[in-house]
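Right, one structure below, let's go through it.
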Amino acid sequence: MAKQRIVNTRFWDDSYIALLSPHEKLLFLYLLTSPLTTIAGVYEIPVKRIGFDTGLAMPEIKQGLAKLEADGKILRQEDWIAIVNFVKHQTLNPKVRQGILLELNRSPQELVKRLPSSVQGLVIQLDRLSHSNSNPNSNLNFKAATPEPASPAVPQDIRREIHEMLGRRRP
């Protein structure tokens, strides 16, 4: 599957980016566009790979990652990185949503559960859009916590599908 990352030119006008050092800007831009980045923004990448690709020294990388994590821009677990607002900047059509859920399902769940509630709520949003989808692979068995259960206003068949995806059976 072809991957491409488009970086909005407003990246450079962002008030947070403006305050970063040149090394931190490069590191953050690299994390957004790395060849290992997934559609969900959660992926495994060794620090050595970051150094090889960017030319940054190990202390610069470790310091930059620590700053980005302390500032709430990324989450880390061993060699795994999660870019906190990555999903927010995706065009969320049904195929992209399914791709995001697939990648989140492949990622360490302890890390996924620390992502914003908007990512957790993606499960419910996906089901609302895909209930007419005849794709047999649409049930991804994603078991991350969601901010709230499905509303009673949601049709019965969709509620059942949501609860099955979340691992909760409901009649």
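Going by numbering that gives the first Met the number 0, the first residue of the sequence shown is number 0, and it counts up by one from there. Where is the CB? At the ideal position from N, CA and C, for every residue including glycine.
Per DSSP, reduced to three states, the secondary structure at Q76 is strand. Using a Cβ distance threshold of 8 Å, Y42 and L35 count as a contacting pair.
With a minimum length of 4 residues, the unbroken runs of alpha helix (DSSP H) contained wholly in the stretch 73-114 fall at 93-105 and 108-111. Listed as beta-bridge partners of Y42 by DSSP are I80. Assignment of K2 by DSSP, reduced to helix, strand and coil, places it in the coil class. Under the DSSP assignment, A56 falls outside any alpha helix (DSSP H); it carries neither an H nor an E label. Sorting D70, I80 and N7 by C-alpha distance to the C-alpha of P45 places I80 at the top. An exposed status is given to R9, since fewer than 16 other beta-carbon atoms sit within 10 Å of its beta-carbon. Here the stretch 81-90 lies against the stretch 103-118, with 3 or more beta-carbon pairs under 8 Å apart. The beta carbon of Y15 sits closer than 8 Å to those of D70 and K72, all from its chain and outside the five residues before and after it, given in chain order.
A56 counts as exposed, since fewer than 16 other beta carbons sit within 10 angstroms of its beta carbon. In the three-state DSSP reduction, S33 falls in the coil class, being neither helix nor strand. A distance below 8 Å between beta-carbons, with the five flanking residues on each side excluded, links R113 to the following residues of its chain, in chain order: L74 and A81. If you check the CB distance, I5 and E102 do not come in under 8 Å. Apart from the 5 residues on each side of it in sequence, G40 sits with its Cβ closer than 7 Å to the Cβ of A81, I82, F85 and V86 in its chain, given in chain order.
When Q76, D52 and K2 are compared, the shortest CA-CA separation from E109 is found for Q76.
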